[in-house]
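**Q**
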Amino acid sequence: MTMQPTKTAEFERLARDNMDAVYTKAIHLTCDTPQAEKLVQSTFSQAYYRFDSFDRRIGFREWLFQIMEMNASLVPSAL
Numbered sequence: 750m751t752m753q754p755t756k757t758a759e760f761e762r763l764a765r766d767n768m769d770a771v772y773t774k775a776i777h778l779t780c781d782t783p784q785a786e787k788l789v790q791s792t793f794s795q796a797y798y799r800f801d802s803f804d805r806r807i808g809f810r811e812w813l814f815q816i817m818e819m820n821a822s823l824v825p826s827a828l
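Residues 750 to 828 in our numbering are what the sequence shown spells out, letter by letter.
(1) Considering only residues of the stretch 776-813, which uninterrupted alpha helix (DSSP H) runs meet the minimum length of 4 residues and lie entirely inside it, listed in chain order?
(2) Closest by CA to residue 785, which one among 769, 808, 804, 807?
(3) In three-state terms, what does DSSP make of residue 763?
(4) Under a three-way DSSP split, which group does residue 815 fall into?
(5) In whole angstroms, give me the CA-to-CA distance for residue 800 and residue 760.
(6) CA-CA distance, residue 783 and residue 791?
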């Protein structure tokens, strides 16, 4: 899936603005730095590919947290 340049720029801006919060939540979920980094990477990767389905009525951070929690539930050691 290839996003239009404006959507890519919007995603990148939103991702940068929320990186610290997402990483902090990942650390709290995993209590393990390498696992947290993997969780952050998979969260942003999925968010990028699903960005067209992002419902702007909920905040971008909340949407990322939903994706992260879903990913964390798939990794037993993450919770």
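Think of the CB as a built atom: it goes at the ideal place given N, C-alpha and C, for glycine as much as any other residue.
**A** A quick look at the data gives this:
(1) 782-798
(2) 769
(3) helix
(4) helix
(5) 7 Å
(6) 12 Å
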